[in-house]
Each structure stands twice: as structure tokens, then as C-alpha cells.
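Worksheet: the structure to be examined is printed underneath.
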Amino acid sequence: MKRMDKKIYSEHWEKETEQLEKQGCYQRLSEITPQGNTLEVGCGIGLTSRYSSSTRNVVSIENNEFLIEKSAGILQGLDNPPKILHADIFDLGSSLESQINNFAPKVLVGWFIGSHADDIDLRTPTSLPINEKPKK
């Protein structure tokens, strides 16, 4: 088993995303999401953001710069592009909190949330078995 850093995780997630997209998951998730300003926790490679922003305003919080970079290509040229905030959802700071409050989200989504090992280790007890950490 290879430990994933941010870059490897983004590459892994891109492959996973391709499979989910082939199944129509992202379009369907957008369809079942209530309307209104939407705060998205994690943009992945940008597919849920792309589908969601076609019918609502979206702000996404993502801490992985490699995923943000991948999202840029998918989100390019949209009429109503989502705003991607490079931030850790657990440590926003007052400036980002203010931006989110001003956006006034009515909907909060977090589809397929996960992260790389360093993030997981940071947010879970060291005593927890490694196979239980991602579940927390």
C-alpha cells in the first residue's frame, strides 16, 4: 500500500472521478441538490462544481492545490463559474469566514469527501487503527 500525498491523491481521485462520471453520478448529484447558494466542501476535479453551477451559485472550499488546478480546466468558460477557495475547512480564518457569510449559502454539500494521508493523520487520533482513520 502506497501512502498518498496531495499530488498522488489528486491523480487517484481523477481516475475515480472518471468512473463516477461514466455512471452519471455527478449530474445526478446536482439534480438532487436543493436550489440556492451552495457551499461545497471539496471540489475534487471540479465535476460536481461544474454541474451544480449550471443552475445555482457555488462556492467550493478545497485544500488540495493539485485538485484546484485540475478543476480550473473543467470549469473554464462556464457562464456561472463556481468560486473555488483554497482553504482548509477546519481552519478558514476570519477573512474566508466573512466571504462565506456574505455568500449566504442555503445548501451545504460534500460529495465523496476524502483526503490524503497527511490530512487524515492531522485530524484523527494516533491510537486509531490505520484502516479506521479515513472513516473518521
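Note that my numbering has the sequence shown beginning at 7, numbered continuously upward. Even for Gly, the Cβ is constructed at its ideal location relative to N, Cα and C.
Does the ligand FAD have a heavy atom nearer than 7 Å to the CB of residue i?
i: S66; result: The ligand content of the structure shown is nil, which means the ligand FAD is not present either.
Evaluate residue i with the Cβ neighbour count: other Cβ atoms within 10 Å of its Cβ, from every protein chain shown; 16 or more gives buried, anything less gives exposed.
i: R129; result: exposed
i: L134; result: exposed
i: I136; result: exposed
i: N70; result: buried
i: S77; result: buried
i: V47; result: exposed
i: P131; result: exposed
i: S1; result: Outside the shown range of the chain, which is 7 to 142, sits residue 1, and nothing can be said about it.
i: S60; result: exposed
i: P40; result: exposed
Give me the residue from the options with the minimum Cα distance to residue i.
i: N43; options: K139, E68, N108 and I126; result: N108
i: V65; options: L53, L45, G79 and Y57; result: L45
i: R62; options: L91, E37 and I126; result: E37
i: W117; options: T23, K89, P111 and A93; result: T23
i: P111; options: R34, I67 and Q33; result: I67
i: S16; options: F96, L73, I95 and S101; result: L73
i: I80; options: S58, L98 and G99; result: S58
Do you know offhand how far residue i's Cα is from residue j's?
i: V113; j: C49; result: 15 Å
i: L84; j: R56; result: 8 Å
i: K13; j: I51; result: 12 Å
i: H18; j: T54; result: 17 Å
i: F96; j: G120; result: 14 Å
i: K28; j: N86; result: 24 Å
i: E103; j: R34; result: 29 Å
i: Y191; j: R9; result: It is not possible to answer for residue 191, since the shown part of the chain is limited to 7 through 142.
With 8 Å set as the bound, which would you pick, yes or no: does the beta-carbon of residue i sit closer than that to a beta-carbon of chain D?
i: L45; result: Absent from the structure: chain D. Only one protein chain is present.
Leaving out five residues before and five after residue i in sequence, what residues of the same chain have Cβ atoms less than 8 Å from its Cβ?
i: Q105; result: V65 and L91
i: E20; result: I51 and K76
For residue i, I'd like the list of residues in its chain whose CB is within less than 6 Å of its CB, leaving aside the five on either flank, ordered along the chain.
i: D94; result: N69
Any beta strand (DSSP E) of 3 or more consecutive residues that is wholly inside the stretch 30 to 116: 44 to 47, 64 to 68, 89 to 92 and 113 to 115
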